[in-house]
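For reference, each letter of the sequence shown is one residue, going 1 to 267 in full-length UniProt numbering.
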Amino acid sequence: MGKTIEISPFEIGRFSDQEIYDHVIEFHSRSNYSLFPGTAPRCYLSSAPDKALAEMIESELSIWPGIKPSAQLTSARTALLRDESAEFFDDASVLEFSVIDQLMTNSFCARSSESRKRPYPSGGALYPIEVFVCRVSNNVDNWPTKENILHLLPLSRHLEAMTLHAPDIILSNLSGGDTGLLGQPHFALVYAMFFERALFKYRTRGYRLALMEAGSMYQTADLNAQALGLRSRVWAGFTDFQVAKTIGIDMRHMAPLVVQFFGNANN
Numbered sequence: 001m002g003k004t005i006e007i008s009p010f011e012i013g014r015f016s017d018q019e020i021y022d023h024v025i026e027f028h029s030r031s032n033y034s035l036f037p038g039t040a041p042r043c044y045l046s047s048a049p050d051k052a053l054a055e056m057i058e059s060e061l062s063i064w065p066g067i068k069p070s071a072q073l074t075s076a077r078t079a080l081l082r083d084e085s086a087e088f089f090d091d092a093s094v095l096e097f098s099v100i101d102q103l104m105t106n107s108f109c110a111r112s113s114e115s116r117k118r119p120y121p122s123g124g125a126l127y128p129i130e131v132f133v134c135r136v137s138n139n140v141d142n143w144p145t146k147e148n149i150l151h152l153l154p155l156s157r158h159l160e161a162m163t164l165h166a167p168d169i170i171l172s173n174l175s176g177g178d179t180g181l182l183g184q185p186h187f188a189l190v191y192a193m194f195f196e197r198a199l200f201k202y203r204t205r206g207y208r209l210a211l212m213e214a215g216s217m218y219q220t221a222d223l224n225a226q227a228l229g230l231r232s233r234v235w236a237g238f239t240d241f242q243v244a245k246t247i248g249i250d251m252r253h254m255a256p257l258v259v260q261f262f263g264n265a266n267n
């Protein structure tokens, strides 16, 4: 692969269109969410009644409702089947950091020493989604640094130390404050978009490509976790600014999109 190309955020920013950048930031900020334990009972996202919501969950959308479908799939499933999302984690057993290392390598790092391509698709091979690995349990052995939040460098396969928060504080901040809904996972990944990198080439279209990339990444991580005997749960019930502050990023340039928790669980 040759010498790893290391770039600075400021280098990418030189090529950004300020008008496009401001427009996307303004649009994205409308999806920001603030959730605090004291106000959570008075916050809601949907005005739909519970009965209507129950009917929509796990349903399918028919373009021509009431009309008999034209064809039927008949094959039995033979491919790798994704586990259901973990409902409640338990960290009673110790998790070695080597398992996390393997998950990160398999899911996000360059395929080989001759290639810069990663194991998931990215529009224009720009890779605007950054991954932060967070220790949220004391039952993880051989964590490599005193900092419990690390940023992945997927070409050199290095980890940059970020912040010093305690695991229980990190879990509370990443989960939106109500850890009782999750139990006790061992670690979490935060997927964050670097806006300049997403927008400088494909402009507003790049924002859509980056969101799709994040989905590909957490699906890849989910399948690799399953192969390593772990369960995962993708989570969006967090306060954006709180997560950004916890992992040590500046929301003027980078924002958390989603959190993925990992550990042992029995549904």
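Yeah, the Cβ is synthetic: ideal placement off N, Cα and C, and Gly gets one too.
This structure is a prediction, so every number in the text was calculated from the model and none was measured.
DSSP places V136 outside both helix and strand once states are collapsed to three, so it counts as coil. Apart from sequence neighbours up to five positions away, the residues of its chain that approach T220 with a beta-carbon distance below 7 Å are S107, P119 and Y120, ordered along the chain. Here S137 really is in contact with P185; their C-beta atoms are around 7 Å apart, less than 8 Å. The beta-carbon distance between A192 and E130, rounded to whole angstroms, is 5 Å. This is short enough to meet the 8 Å contact definition. Scanning its chain for C-beta atoms nearer than 8 Å, with the 5 sequence neighbours on each side dropped, one finds around R111 the residues K117, R118 and P119, in chain order. Among the bridge pairs identified by DSSP, M254 is matched with F194. The beta carbon of G248 sits closer than 8 Å to the beta carbons of I149, M162 and T163 from its chain, once the five residues preceding and following it are set aside; these are given in chain order.
Taking every protein chain shown into account, the CB of S115 has fewer than 16 other CB atoms within 10 angstroms, so this residue is exposed.
Counting only the Cα atoms, E60 lies some 18 Å from T74.
Note on geometry: alpha-carbon atoms of A48 and R82 lie some 30 Å from one another. A residue is called buried once 16 or more other Cβ atoms fall within 10 Å of its Cβ, and T145, having fewer, is exposed.
Scanning A227, E55 and M217 for the CA closest to the CA of L257 turns up M217. Counting of Cβ neighbours within 10 angstroms places F15 among the exposed residues, the total staying below 16. With a beta-carbon spacing of about 12 Å, N266 and S93 fall beyond the 8 Å limit used to define contacts.
When only Cα atoms are considered, F194 and H253 end up about 6 Å apart.
Counting along the chain, H23 sits inside the alpha helix (DSSP H) bounded by residues Q18 to S29.
Its chain contains A221, N224, A225, L228, L230 and F262 as the residues whose beta carbon lies nearer than 8 Å to that of L103, once the 5 sequence neighbours on both sides are disregarded; these appear in chain order. Taking the C-beta atoms as reference points, A166 is found no nearer than 9 Å to Q260. Q260 is bridged by DSSP to L189 and V234. When the beta-carbon positions are compared, T239 and S31 stay at least 9 Å from each other.
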